[in-house]
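Down below is the structure, laid out as C-alpha cells.
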Amino acid sequence: MRIWDLPPTLLCRQHLLGEHRELHGLWNILTQGKSGYGRHPETLRWVGRLAALYFRHEALVAEMRRRGYRHRSPLDKSLATGLQVQDKRIDSLTRQYELLCGKSCPCPMVRWFPGVEAGGARGAPMRNWERGRGKG
Ligand SMILES: [Zn+2]
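Right, here's the structure in full:
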C-alpha cells in the first residue's frame, strides 16, 4: 500500500487507479476505526491528517477526470479533519521518483523536477493511448 507524494500527473493508469483505490481503503480504516490501524507505516503517517488525505484524493480525482476516467466515490468532507498538509514521508520525493522510474509500467508519465510537490505539474500533455480508457 502506498500513497505517493508526487504529482498524480506522473502516474500511469495502473498506478493512478491503484492509489485511488488504496486511498479509499486507508480512508475507511482511519475514519471507521477498522482493524489494521496503526500497523502499516503508510496508515500511521496519515493519522491526524485526514484533511491532507482528503486533498490527495481530490488531486487524484482531478487527474482521473483530466484523463476521462469516471469517478463516483466522493469522500465525506465533514470527516476531513486534522492537518491539511502531509509532513511525514516514508521516502523522499526524489527517492519516490526513482522508484517510479524503476518500474516496468509507463511511469513516470511526465518528467518531474525536484521541488515540485504533489499538485504541481498540472496540464502536462496526455498521451493518446491514455484518453478515455478508464472507468475508475
Ligand atoms: Zn505506473
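Sequential numbering from 475 applies to the sequence shown in the working numbering. Glycine included, C-beta positions come from ideal geometry on N, C-alpha and C.
{"Check": "Contiguous alpha helix (DSSP H) assignments of at least 4 residues, all confined to the stretch 505-590", "Outcome": "515-518, 524-540, 567-575"}
{"Check": "Three-state class that DSSP yields for Pro482 in the structure shown", "Outcome": "helix"}
{"Check": "Nearest neighbour of Arg540, chosen from His498, Leu485, Pro588, Trp478 [CA to CA]", "Outcome": "Leu485"}
{"Check": "Cβ-heavy atom distance, Leu480 to ligand 1, below 7 Å", "Outcome": "no"}
{"Check": "Distance cut-off 7 Å: Met551 Cβ against heavy atoms of ligand 1", "Outcome": "According to the sequence shown, residue 551 is Lys rather than Met. Outside the cutoff, so no."}
{"Check": "Expected contact under 8 Å - CB spacing of Ile477 and Leu500 to nearest Å", "Outcome": "7 Å"}
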